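Read through the structure below, which is laid out as structure tokens, and then see the notes.
Residue numbers (the UniProt record's numbering): 1 to 557.
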């Protein structure tokens with residue numbers, strides 16, 4: 001608002017422009033001295049202010065979307081601390097003005113909505129005012145100086161948004177002039193060509209569901225000529241199936257017809273794309289063959305016999321058949337892999353038990369009761385226990401229990417995991433550290449299964465460090481607008497590239513079953529999340545990303 005009241009400001013030099021703004025806001029050399037004097041009081045709080053600032057941004061999807069990742073957030077975190085230091089530097093010259101202009105241009109470049117710049121400045125203003133008010137002397141004057149300087153910075157940053165807005169308006173005007181220069185005939189030709197050449201079935205239906213538009217791809221896919229179907233009922237002309245999605249398609253057309261009988265304002269408000277999912281139905285070609293078409297219906301209000309609904313279809317017959325064959329082959333391959341792995345893992349303890357049973361039988365025939373006989377009995381028992389544990393883990397992998405969803409707070413969950421692995425970590429000389437935000441993070445999940453995932457990852461990290469004499473493990477949590485990221489990082493030897501660590505029965509441990517990470521992967525995917533690993537010599541990081549609220553299609557009790 002300051003810029004609008006200073007006509008001709010854009011034509012001034014940087015120095016003149018900055019001095020004019022300072023006079024307008026009332027920022028004086030005395031204010032600069034108060035700010036310089038308050039730096040020692042404010043500086044210990046800079047790290048906390050920056051951390052709270054970026055944790056708050058994570059809660060807003062539009063603001064968080066401008067970031068490219070955690071590395072960028074860390075860099076911006078450091079930049080914010082430097083900026084806070086410059087606020088209390090006491091030097092507010094042309095170079096200071098140019099730095100503020102640069103910050104404003106970066107905001108525009110990354111697409112940060114303008115309203116977040118205002119609210120961000122308000123949060124920082126509140127934090128700084130609370131600090132300088134505690135000054136033993138000149139508290140009110142320092143508060144006023146902080147407010148005037150932040151107003152000054154906000155006014156300068158607004159120039160960047162104003163310049164960007166003017167450039168966009170000019171671009172729109174240029175495009176409009178170019179569009180007006182095109183002939184109507186050329187526009188119509190392009191529209192018709194787009195409809196006719198599209199590799200999508202495009203049907204225009206009137207309010208009664210009769211065909212008014214039937215493009216070339218619709219002719220090719222169904223074998224029906226345009227003049228054969230125009231004016232006929234869409235579902236009857238193409239013999240659309242009358243069960244499942246076919247029934248829902250009929251219901252949706254009936255709903256559009258009902259909507260069409262409402263007022264023009266209501267119809268206009270419902271125009272555009274349909275948020276409902278596509279419908280996959282069967283249609284019958286002219287030769288009597290059955291094809292599978294995936295339809296998406298879009299309401300377009302019209303009067304009389306004009307098109308009121310667009311039915312856009314994709315012939316998915318071959319895709320559906322190929323998908324079914326692929327899934328069947330994958331199921332058979334998975335069954336074969338699991339059977340081979342299970343047979344191999346069962347054979348080892350059985351062979352060991354059989355060998356010791358043979359020794360035990362011979363010893364008993366001789367009446368031998370030496371310690372070696374009892375040792376054989378112990379080995380057989382251990383192998384049977386190992387076999388039982390293997391079968392239990394395999395059943396958990398093959399037939400997982402449904403999720404028991406409930407609200408889960410991440411911070412206490414991570415603290416419990418750290419407590420449970422503390423003894424193992426101490427024996428292996430491993431230091432486990434938690435890295436969690438200040439604000440609570442809550443999601444809907446199966447608490448026990450989520451704990452199982454984190455325990456498995458943390459114990460694997462500790463076991464990877466034990467042979468090299470210990471190291472560090474970090475268990476971390478981060479909040480995004482719609483997801484929570486949980487990470488377990490260690491500074492161990494790493495995982496070799498292309499290692500199938502999530503495959504069933506793969507294990508690098510001599511006594512491992514090879515099902516731990518497979519079960520972990522299953523639990524994460526059941527929650528609608530993802531798990532991946534980023535590893536190199538000296539570092540391994542397992543990252544689990546979970547939605548805050550799982551979809552209803554995920555397994556639950």
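Backbone N, C-alpha and C fix where the C-beta goes; we use that ideal spot for every residue, glycine too.
Please read these numbers as outputs of a predicted model, since none were measured by experiment.
Given 8 Å as the limit, is there contact between the stretch 471 to 491 and the stretch 540 to 551, that is, 3 or more CB pairs closer than that? With a cut-off of 8 Å, the stretch 540 to 551 and the stretch 471 to 491 count as touching, because enough Cβ pairs lie within range.
DSSP-derived helix/strand/coil call for residue 98: helix
From what residue to what residue does the beta strand (DSSP E) around residue 240 run? No beta strand (DSSP E) holds residue 240; DSSP gives it neither H nor E.
Return the CA-CA distance between residue 258 and residue 205, expressed in angstroms with no decimal places. 14 Å
Please find out if some non-hydrogen atom of the ligand SAM comes closer than 7 Å to the beta-carbon of residue 201. Among the components of this structure there are no ligands whatsoever, and the ligand SAM is therefore not found.
Restricting to Cα atoms, I'd like to know which of 200, 434, 74 and 243 is closest to residue 294. 200
Exposed or buried, residue 433, counting other C-beta atoms within 10 Å across all chains shown (16 or more means buried)? Exposed: under 16 other Cβ atoms inside 10 Å.
Within 10 Å of its beta-carbon, does residue 60 have 16 or more other beta-carbons around it, so buried, or fewer, so exposed? exposed
Judging by CA-CA distance, which residue of 214, 220 and 231 is the nearest neighbour of residue 287? 220
Opposite residue 431 in the DSSP bridges: which residues? 472
Under a Cβ-count criterion, where at least 16 other Cβ atoms within 10 Å of its own Cβ denotes burial, should residue 102 be classed as buried or exposed? With fewer than 16 other Cβ atoms within 10 Å, it is exposed.
Backbone CA spacing between residue 261 and residue 216 [nearest angstrom]: The C-alpha of residue 216 is placed about 31 Å away from the C-alpha of residue 261.
Is it the case that the Cβ atoms of residue 473 and residue 430 are separated by a distance below 8 Å? yes
Same chain, Cβ closer than 8 Å to residue 195, neighbours up to 5 away in sequence not counted: 202, 213 and 215
Through-space distance from residue 207 to residue 126, alpha-carbon basis: Going by the C-alpha atoms only, they are around 58 Å apart.
Spatial neighbours of residue 454 within its chain, please: C-beta separation below 6 Å, excluding the five flanking residues on both sides. 417
Residue 281 burial status per 10 Å Cβ neighbour count (16 or more: buried): buried
In whole angstroms, what is the alpha-carbon distance linking residue 64 and residue 218? 43 Å
Would you say the stretch 143 to 154 touches the stretch 18 to 29, given that touching needs at least three Cβ pairs under 8 Å? yes
Taking 8 Å as the cut-off, decide whether the C-beta atoms of residue 439 and residue 70 are in contact. It is not a contact, given that the beta carbons lie outside the stated cut-off.
Tell me which same chain residues have a C-beta within less than 7 Å of the C-beta of residue 92, skipping the five on either side of it? 32
Residues bridged to residue 437 [DSSP beta-bridge criterion]: Per DSSP, none; premise fails for residue 437.
For a quick check, are the C-beta atoms of residue 519 and residue 492 less than 8 Å apart? Not closer than 8 Å, so no.
Can you tell me whether residue 449 is buried or exposed? The criterion is at least 16 other CB atoms within 10 Å of its CB, across all chains shown. So residue 449 counts as buried.
Residues sharing a beta bridge with residue 491, DSSP: Residue 491 is not bridged to any residue.
Quick check: the Cα distance between residue 143 and residue 420, rounded to an integer number of angstroms? 49 Å
Opposing strand residues paired with residue 542 [DSSP bridges]: 488 and 533
Taking buried to mean at least 16 other C-beta atoms within 10 Å of its own C-beta, is residue 273 buried or exposed? Because residue 273 carries a pLDDT of 48, less than 50, the predicted location of this residue cannot be relied on, and no value is offered for it.
Check the DSSP bridge columns for residue 295 and list the partner residues they point to. 279 and 313
Put residue 477 into one of helix, strand or coil per three-state DSSP. Correct three-state label for residue 477: strand.
Following the continuous alpha helix (DSSP H) through residue 403, name the residue where it begins and the one where it ends. Segment: none, residue 403 is in no alpha helix (DSSP H) and carries neither H nor E.
From residue 480 to residue 444, what does the alpha carbon distance come to, in whole angstroms? Across the structure, residue 480 and residue 444 are spaced so that their CA atoms are roughly 15 Å apart.
Using the C-alpha atoms, what's the distance from residue 517 back to residue 531? 10 Å
Extent of the continuous alpha helix (DSSP H) run through residue 256: 245 to 260
Put residue 212 into one of helix, strand or coil per three-state DSSP. strand
Report yes if the CB atom of residue 239 is closer than 8 Å to the CB atom of residue 284, and no otherwise. yes
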